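The structure appears right after this line, and notes come after that.
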Amino acid sequence: MRFRASWAVILAAALLVGLLAYGVASRRADTSIDDAIAAGERVDAPDAELPVLGRGGEGSLADYKGKVVVLNFWASWCKPCTEELPLLERTHKAIAGRDATVLGANYQDVSDSALQFVRRFKLSYPSLRDRDGDFADRYGSRAFPETFVIDRSGRIAARRRGPVDQAWLDRTLPPLLGEKA
Amino acid sequence: MRRLLALALLLVFTTGAAPQASLPDIEDEVMCVECGTALNISTSAVADQERAFIRRQIALGKDKQEVKAALVDEFGPGVLADPPSSGFDLAAYLVPALLALLGVVGIGIAARRWRRQASPAAPAGEPLGDEDAARLDAELAAYDRR
Numbered sequence: 001m002r003f004r005a006s007w008a009v010i011l012a013a014a015l016l017v018g019l020l021a022y023g024v025a026s027r028r029a030d031t032s033i034d035d036a037i038a039a040g041e042r043v044d045a046p047d048a049e050l051p052v053l054g055r056g057g058e059g060s061l062a063d064y065k066g067k068v069v070v071l072n073f074w075a076s077w078c079k080p081c082t083e084e085l086p087l088l089e090r091t092h093k094a095i096a097g098r099d100a101t102v103l104g105a106n107y108q109d110v111s112d113s114a115l116q117f118v119r120r121f122k123l124s125y126p127s128l129r130d131r132d133g134d135f136a137d138r139y140g141s142r143a144f145p146e147t148f149v150i151d152r153s154g155r156i157a158a159r160r161r162g163p164v165d166q167a168w169l170d171r172t173l174p175p176l177l178g179e180k181a
Numbered sequence: 182m183r184r185l186l187a188l189a190l191l192l193v194f195t196t197g198a199a200p201q202a203s204l205p206d207i208e209d210e211v212m213c214v215e216c217g218t219a220l221n222i223s224t225s226a227v228a229d230q231e232r233a234f235i236r237r238q239i240a241l242g243k244d245k246q247e248v249k250a251a252l253v254d255e256f257g258p259g260v261l262a263d264p265p266s267s268g269f270d271l272a273a274y275l276v277p278a279l280l281a282l283l284g285v286v287g288i289g290i291a292a293r294r295w296r297r298q299a300s301p302a303a304p305a306g307e308p309l310g311d312e313d314a315a316r317l318d319a320e321l322a323a324y325d326r327r
């Protein structure tokens, strides 16, 4: 009897440790996008139907098929995110005529607060509302802002985990804008 | 007249307004969505924004459930402190139940063991014969005299 009871305790403890290990591993950020880009490959951009901030209805990356998309994850509570919004608006205006767009993904934000920044910086590009953060999770997002450049075939060609600057955009965008779908 | 009075009293007691929502009452039941901790212990910028959102909802006259519904509408179901009952998060419900079950089984096994140890030993052998009984009485009497 004692033998059987001790095995039951060991089994229960092993199950708990296994469960804990699985829980920790499953919550680790996905690095597959970074790995692919580091290897010089392009991966299909994860997509989802999400509400459009301040405009009603839903939108997704599929709506921009054939365009170069600068997908920027941002939130009104994230200071570096709001600081780069004017640069992204200028970029959007510069590339809009070349079959390209900036697309915001507003991450776990109060929509009224996000809209205040849209109005303050007169953002003309749309933002999708990633209200529960699942969309960002699929991009392996860890800290914000994060920006992904998606080519005309819907594949991620470049990513920036942190604020973008003019130099990075100047280096990244022209070759992609010159590509055909 | 009495009927009218009774009806009025009944209405007062049955249709009373929902209790006024308060920030402390709500923030321990929702999460800081970005930090992954309960809102009442979070000091991050996003937590402050959530608290401001809750205050605005309360100011609009919403009760607790309505405020929580507005939070879910804004941030998704993950904003509620109850873990979702699907996928890996189901473990949050199953593991405590399993541990409780194991505890009950463990207590049952231990109790059985203790009862067995505490019960008096069964009398061994046959009862004493008259001669042996007389000898035992004599020995005990001699022991008492010492």
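So the sequences go chain by chain: A and B.
Just so we're aligned, residue 1 is where the first sequence starts under our numbering, counting upward by one.
Just so we're aligned, residue 182 is where the second sequence starts under our numbering, counting upward by one.
Ideal Cβ placement from N, Cα and C applies to all residues, glycine included.
As the structure is a prediction and not an experimental result, all values here were calculated from the model.
Query - Cβ separation of residue 54/A and residue 118/A, assumed to be a contact under 8 Å, to the nearest whole Å - result: 6 Å
Report task. For the stretch 283 to 299 of chain B, enumerate the residues whose C-beta is nearer than 7 Å to any C-beta of chain A, in chain order. Result -> 283, 290
Query raised in the report: Which residues in chain B sit within 8 Å of residue 111/A, going by Cβ to Cβ distance?
Result: 255
Requested in this report: Select from the stretch 206 to 231 of chain B all residues with a C-beta closer than 7 Å to any C-beta belonging to chain A, and list them in chain order.
Outcome: 214, 215, 226, 227, 230
Query raised in the report: From the DSSP output, which residues share a beta bridge with residue 238/B?
Result: DSSP lists no partner for residue 238/B.
**Report entry** Closest by C-alpha distance to residue 250/B, when choosing among 289/B, 224/B, 216/B, 210/B
**Finding:** 210/B
Query raised in the report: Counting along the chain, where does the beta strand (DSSP E) carrying residue 102/A start and finish?
Result: 100 to 107
**Report entry** Residue from 50/A, 168/A, 24/A whose Cα sits closest to the Cα of residue 108/A
**Finding:** 50/A
Requested in this report: Return helix, strand or coil for residue 315/B, following the three-state DSSP convention.
Outcome: helix
Report task. For residue 139/A, decide whether its Cβ has a neighbour in chain B, counting only Cβ atoms nearer than 9 Å. Result -> no
Query raised in the report: Of the choices 253/B, 293/B, 259/B, 248/B, whose alpha-carbon is the least far from that of residue 216/B?
Result: 259/B
Query raised in the report: Any heavy atom of the ligand SAH within a distance shorter than 8 Å of the CB on residue 145/A?
Result: Of ligands this structure carries none, so the ligand SAH is not represented either.
Query - Residue-chain proximity (residue 131/A, chain B), Cβ-Cβ < 9 Å - result: yes
Query raised in the report: Are the C-beta atoms of residue 248/B and some chain A residue less than 9 Å apart?
Result: no
Query raised in the report: Hey, is the stretch 6 to 19 of chain A in contact with the stretch 112 to 128 of chain A, meaning 3+ C-beta pairs nearer than 8 Å?
Result: no
Report task. With distances taken Cα to Cα, identify the nearest neighbour of residue 173/A among 92/A, 35/A, 110/A. Result -> 92/A
Query raised in the report: With which residues is residue 52/A paired in a DSSP beta bridge?
Result: 128/A
Report task. Quick one: using the 10 Å Cβ neighbour count with 16 as the cut-off for buried, is residue 274/B buried or exposed? Result -> exposed
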